[in-house]
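Before any comments, here is the structure.
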Amino acid sequence: MYADRLFNALERNEPAPGMLLVAAPGMLSPEFARSVILLVECSDALTLGVDLTKRSEVAVFNVLPDWMPVVAKPQALYIGGPLNQQAVIGVGRTQQGVDIDKHPHLNRLAPRMAHVDMHADPEDMRAVIDGMRFFAGYAEWAPGQLDEEIERGDWFIAPALPQDVITPGAVDLWGNVMRRQESPLPMFSTFPADVANN
Numbered sequence: 081m082y083a084d085r086l087f088n089a090l091e092r093n094e095p096a097p098g099m100l101l102v103a104a105p106g107m108l109s110p111e112f113a114r115s116v117i118l119l120v121e122c123s124d125a126l127t128l129g130v131d132l133t134k135r136s137e138v139a140v141f142n143v144l145p146d147w148m149p150v151v152a153k154p155q156a157l158y159i160g161g162p163l164n165q166q167a168v169i170g171v172g173r174t175q176q177g178v179d180i181d182k183h184p185h186l187n188r189l190a191p192r193m194a195h196v197d198m199h200a201d202p203e204d205m206r207a208v209i210d211g212m213r214f215f216a217g218y219a220e221w222a223p224g225q226l227d228e229e230i231e232r233g234d235w236f237i238a239p240a241l242p243q244d245v246i247t248p249g250a251v252d253l254w255g256n257v258m259r260r261q262e263s264p265l266p267m268f269s270t271f272p273a274d275v276a277n278n
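With my numbering, letter number 12 in the sequence shown gets 92, and the count goes up by one each step, no holes.
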């Protein structure tokens with residue numbers, strides 16, 4: 081019912097790399113409640129993204145110590161999604177003035193936002209990246225699956241901002257993204273993950 085009110089009032093964006101999937105208020109899947117998924121890949125064959133909201137208790141220093149100089153605080157590994165949590169995906173905000181398309185180890189997602197090749201030399205990245213997050217695992221959708229979930233009202237799609245990737249741990253990213261959208265979304269920005277807590 082929340083989704084009906086929400087989505088009927090929205091002009092929908094299309095899923096694409098660099099866009100956010102924001103869990104609709106009342107999302108039925110507890111795993112994705114109040115999630116903000118950054119889409120890293122989106123094609124006819126595959127849609128893949130990482131959850132920007134789920135910080136783990138694992139310090140980046142314990143798994144990727146060479147990357148510490150470019151990791152934003154809190155310097156923890158994030159849980160990108162339920163699939164393949166042995167794989168690590170790096171996403172970063174670039175320094176002002178960096179032309180992402182001229183760097184072979186960066187894949188442009190949005191202005192000042194890039195998917196970072198994990199084979200890059202971390203020392204080289206210090207000159208072009210001013211903050212990164214590392215995500216263990218990812219969320220993935222088969223062809224047509226995400227479209228069905230969007231049509232059902234599980235997600236709405238919004239442009240990502242570079243600071244979304246490196247939001248401080250204490251910030252409610254889901255609420256922030258909701259507040260900056262067009263009406264009626266800001267009204268739902270304080271919607272709790274569990275309505276029993278309301």
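Using N, Cα and C, we set each Cβ at its ideal position, and we do this for glycine too.
Taking Cβ positions, are residue i and residue j nearer each other than 7 Å?
| i | j | result |
| --- | --- | --- |
| glycine 233 | glycine 160 | no |
| methionine 193 | arginine 173 | yes |
| isoleucine 209 | proline 95 | no |
| glutamate 203 | leucine 163 | no |
| leucine 226 | threonine 127 | yes |
| isoleucine 169 | valine 143 | no |
| histidine 195 | valine 120 | yes |
| glutamate 229 | tryptophan 235 | yes |
| arginine 135 | glycine 249 | yes |
| valine 102 | valine 257 | yes |
Based on DSSP bridge pairs, tell me the residues matched to residue i.
| i | result |
| --- | --- |
| isoleucine 209 | Thr174 |
| valine 130 | Leu118 |
| leucine 108 | Paired residues: none, contrary to the question. |
| valine 102 | Val116 and Phe236 |
| isoleucine 159 | Ala216 |
| leucine 144 | Paired residues: none, contrary to the question. |
| methionine 193 | Arg173 and Ala190 |
| tryptophan 221 | Thr127 |
| arginine 135 | Tyr158 |
| valine 151 | Met212 |
| valine 168 | Ala216 |
Beta-carbon within less than 8 Å of residue i's beta-carbon, same chain only, minus the 5 sequence neighbours each way: which residues are those?
| i | result |
| --- | --- |
| proline 240 | One detail in the question is off: residue 240 reads as alanine in this sequence, not proline. Contacts found: Gly98, Met99, Leu100, Leu118, Leu189, Ala190 and Met193. |
| valine 150 | Gly172, Pro202, Met205, Arg206, Ile209, Asp210, Gly211 and Met212 |
| phenylalanine 141 | Met148 and Gln155 |
| phenylalanine 215 | Val130, Asp131, Leu157, Tyr158, Ile159, Gly160, Gly161, Val168, Ile169, Gly170 and Val171 |
| leucine 108 | Asp234 |
| glutamine 165 | Ile159, Ala216 and Gly217 |
Could you name the residues of the same chain whose beta carbon sits closer than 7 Å to that of residue i, not counting the 5 residues immediately before and after it, in chain order?
| i | result |
| --- | --- |
| aspartate 181 | Arg188 |
| aspartate 179 | none |
| valine 261 | Sequence check: residue 261 is glutamine here, not valine. Around glutamine 261: Ala238. |
| leucine 253 | Val116, Leu132, Thr133, Asp244 and Thr247 |
| alanine 287 | Within the shown structure, residues of the chain are numbered from 81 to 278, placing residue 287 beyond reach of any answer. |
| alanine 139 | Gln155 and Ala156 |
| phenylalanine 112 | Ala103 |
| cysteine 122 | Pro95, Ala96 and Pro97 |
Could you name the residues of the same chain whose beta carbon sits closer than 6 Å to that of residue i, not counting the 5 residues immediately before and after it, in chain order?
| i | result |
| --- | --- |
| tryptophan 147 | Pro202 |
| asparagine 93 | Ile237 |
| proline 242 | Arg173, Arg192 and Met193 |
| histidine 185 | Asp197 and Ala200 |
| arginine 85 | In this predicted model, arginine 85 has a pLDDT of only 43, less than 50, meaning its place in the structure is not dependable enough to derive any value. |
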